[in-house]
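The structure appears right after this line, and notes come after that.
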Amino acid sequence: MPGVLNQHVLGGRVCLQLLPRAAYSVCDPAQSLTLGVTLERQQGVHAIDSDRRVDFDTLPGVLAFTPVGVEVFSESASGGEYLLMRLDKPFASQFLPAVSQRVQSAGDRQVLTLAREIRRLILTPQPDLMALEQAALGLIDQAPVMTKYGPDAKAFGPVLDQIAEQFHEPLTLDQLAATYGHNELRFLRDFTRTMGLTPHAYLVEVRLQAARRMIEHTNLPLASIALDAGFAHQSHMGSVFRKHLAMTPSQYRARF
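Going by UniProt numbering, the first residue of the sequence shown is number 1, and it counts up by one from there.
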């Protein structure tokens, strides 16, 4: 069972945390300024600096910027892998705008690319600190352009549900576009603009996450896991692990 992975960088002024997919319920005022990026779709209930709880359906790649003191309640039955960055106040005041409420943005390909790179580096046995610091600063540099408004996840909810239920099967743009209700080109453009990555890249990430969970929680052979996760064969799964996590499935299994 994976736990929270922590890595301090930039002279201890920034703490990077990779939170695993797991059910959670938290209710705390933010003790430090945080930047957070969803690495998986997350669904649940939250209330941000308010007593009013609302359902949320957050896409991968959403960057949330939360100042100190903002009361955050969030609860999810399944959670989702999440990258959290905690910054000390003097450091944050140098690089980030002053805000009084939580703001967020979605659909930025660079944000998701940087978050995945930080994930890859944190998961390595001996992280390259300079590379981590560079990626962390790159992510911090995205914060000033954020607004409170982002693409509406509801339009893609049925498509994301379809991928979540059928990721282990062959899927085509035609099938997903039919669920979206528009032609393939319109679907491809809208999905990529909203998510910050193509439908194929999103599907590969969903399959990668499924394979990781099976490796973490079962003793199934890797060849079986590859097929159950929707990969064509074990070597295909291996190439995805090496590309996104910088390790083979066997090396990933050895961590647990």
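All C-beta atoms, glycine included, are put in the ideal place defined by N, C-alpha and C.
Under 8 Å between C-beta atoms of residue i and residue j
i	j	result
M237	P249	yes
residue 259	Y82	Outside the displayed span of the chain (1 to 256) sits residue 259, for which this structure offers no information.
Q142	L63	yes
residue 260	R102	The structure shown does not extend to residue 260, since the chain is modelled only from 1 to 256, so the question has no answer here.
residue 277	T58	Outside the modelled stretch of the chain, which goes from 1 to 256, sits residue 277, for which no answer is possible.
L84	L19	yes
S78	A23	yes
Q234	A223	yes
R213	Y252	no
P97	V70	no
G61	R21	no
L87	M247	no
Residue closest to residue i, alpha-carbon to alpha-carbon, out of the options
i	options	result
V68	G44, L39, V99, Q94	V99
V26	V37, L63, Q104, G44	G44
E169	H244, L245, A229, S224	A229
P127	F91, L245, P2	L245
K243	V204, M214, R255	V204
A254	S239, A232, T218, A226	T218
M46	F73, E184, Q31, H200	One point to set straight first is that residue 46 is His, not Met, in the sequence displayed. For H46, the nearest C-alpha among the options comes from F73.
F167	R186, I225, N183	I225
F256	L227, I215, V240	I215
Y202	F91, L171, P90	L171
Assigned exposure category for residue i - 16 Cβ within 10 Å defines buried
i	result
Y149	Interpretation of Y149 is limited by its pLDDT of 46, a score under 50 that renders its predicted location unreliable; no figure is taken from the coordinates.
E40	buried
A164	exposed
Q31	exposed
G3	exposed
L16	buried
S239	exposed
F191	buried
F95	exposed
CB-CB length for residue i against residue j, believed under 8 Å
i	j	result
L160	L173	Their Cβ separation, rounded to whole angstroms, is 15 Å, which puts L160 and L173 out of contact at 8 Å.
V14	A115	Rounded, the Cβ-Cβ distance is 14 Å, inconsistent with contact.
Q42	S93	The pair is not a contact, with the Cβ atoms about 29 Å apart (cut-off 8 Å).
Q162	L185	That belief does not hold up - the Cβ atoms of Q162 and L185 are roughly 19 Å apart, past 8 Å.
Checklist line | Three-pair Cβ contact test at 8 Å for the segment 49-58 versus the segment 130-143 | finding: no
Check: Counting Cβ pairs closer than 8 Å, one from the segment 192-200 and one from the segment 103-113, do we hit at least three?
Finding: yes
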